[in-house]
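Undergrad: Numbering (UniProt numbering), first residue to last: 1 to 328.
For every residue, glycine included, the Cβ atom is placed at its ideal position computed from N, Cα and C.
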Amino acid sequence: MRWWSWSSSSVFRGRRRLQRDLEVIVGAGSLGVLVGWATSPWAQHRQGDVVVTVERPAPSTSDDADRHEAAALGLPRSMGVHARRDYVSAYDWRTRNPLWVAQVLRRPKEPSGRSGSRTGVRFTPDPAVPEPFRTQHRDFTGSGFDRGHMAPSADAIEQDGLQETFLMSNISPQIGDGFNRTYWARIERFVRGLTRQYDRVYVVSGPLFLEDGQGEVRYRLIGPSGIAVPTHFFKAVLAVRPPPLFSSKPILAAAAFVVPNRPIADGDALSSFQVPLETLEKQAGLVLWDRVDRAEVMDLCADTTCALSTLRRFTKAKHRQLPASEAA
């Protein structure tokens, strides 16, 4: 393939071919350079100009893939993305875990803020997940792991949204005592509390399967469905505050936390689990908030204390009402 071609007035004879090329027009007697896709309006050709074209394929899209001959009988699929009332989630059919769950929390308009009740709400299979990959409430029974929410039920404002947080596609296996019922719940409360300082709080949560320090990734499978037990969980937060006086730019503050799926001491500081956003993206294989200029984002833990409040532990009565394997 020819990567570079040079021409002058004859360039327009190859217009159809060049519409897929990248044009670089260098004006005679000047040092200015204009770079752009050739599918944009053609630049004015003047006597003495030199046109340099770089042949490259047009960006592929999902529509291109669907039209490919190899897609005639359907392309493989490995996950589903679904928009719920209070969150959007991607569900990994291989691990039977959420891949990620995205939310936006807003400052409540009223002091109480929420009208949903957890009373009578049960974990339910997600009918949007194909049956072979669908997990059941009973898959966790006797496993020793809690059904851990990625979008917390306590974040839901209304009943419909709360019920959707109990879809099994929003659930991952979490260690109960010392993690799901305490430390993870404290992180969730901390994030929820940020709405008192910020107008909007964008949150992405999910499981991770990280190597053990010896170059190996090891994790358990539980239940008849073969649900993978994550080694870690992450929660990434981007908080937005209105622009200060005489400024048009909102204040952005972000932080990412990666927490091992094991009992964590109450005294362990949340900041000890903070990692750069770029590190989390590499570990999770995700790109977070790609419409945000990272140069404009400050460290959330510098703008706030990132301190976790204490949390009342589950009582024996609570355990009788909600089995340990169902706590979240």
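Tell me His137's beta-bridge partners as DSSP assigns them.
TA: Paired residue(s): none; His137 is not in a bridge.
Undergrad: What is the C-beta distance between Leu300 and Ala239, in whole angstroms, given that I count them as a contact (C-beta under 8 Å)?
TA: About 6 Å; that satisfies the 8 Å criterion.
Undergrad: For the beta strand (DSSP E) that contains Ala265, what are its first and last residues?
TA: Where Ala265 is concerned, there is no enclosing beta strand (DSSP E), given that its DSSP letter is neither H nor E.
Undergrad: Measure the Cβ-Cβ separation of Phe140 and Ile175 and say whether it is below 8 Å.
TA: no
Undergrad: When you compare the segment 217 to 236 with the segment 159 to 167, are there three or more beta-carbon pairs, one atom per stretch, that lie closer than 8 Å?
TA: Flag = no, the segment 217 to 236 and the segment 159 to 167 do not touch.
Undergrad: Which runs of the alpha helix (DSSP H) fall wholly inside the segment 176 to 205 and span at least 4 residues, in chain order?
TA: Listed in chain order, the complete alpha helix (DSSP H) runs (minimum 4 residues) inside the segment 176 to 205 are 183 to 193.
Undergrad: Taking the beta strand (DSSP E) that Ala161 falls in, what are its first and last residues?
TA: Here residue 161 turns out to be Gly, not Ala, going by the sequence shown. Counting along the chain, Gly161 sits inside no beta strand (DSSP E); it lies in the alpha helix (DSSP H) bounded by residues 159 to 164.
Undergrad: Measuring CA to CA, which of Gly213, Val259, Val104, Glu131 is closest to Ser225?
TA: Of Gly213, Val259, Val104, Glu131, the residue nearest in Cα terms is Glu131.
Undergrad: Taking its Cβ as the centre, do 16 or more other Cβ atoms sit within 10 Å of His149, making it buried, or is it exposed?
TA: His149 is classed as buried because its beta carbon has at least 16 other beta carbons within 10 Å across all chains shown.
Undergrad: My output table needs one value for residue 348: the three-state DSSP class, helix, strand or coil.
TA: Since the first residue shown for the chain is 1 and the last is 328, residue 348 is missing from the structure and cannot be characterised.
Undergrad: Exposed or buried, what is Val204 when buried is set at 16 or more other beta-carbons lying within 10 Å of its beta-carbon?
TA: buried
Undergrad: How is Leu308 classed by DSSP in three states: helix, strand or coil?
TA: coil
Undergrad: Using a Cβ-Cβ cut-off of 6 Å (strictly less than) and excluding sequence neighbours within five positions of Pro243, which residues of its own chain qualify?
TA: Lys249, Pro250
Undergrad: List the DSSP bridge partners of Gln274.
TA: Gln274 pairs with Phe257.
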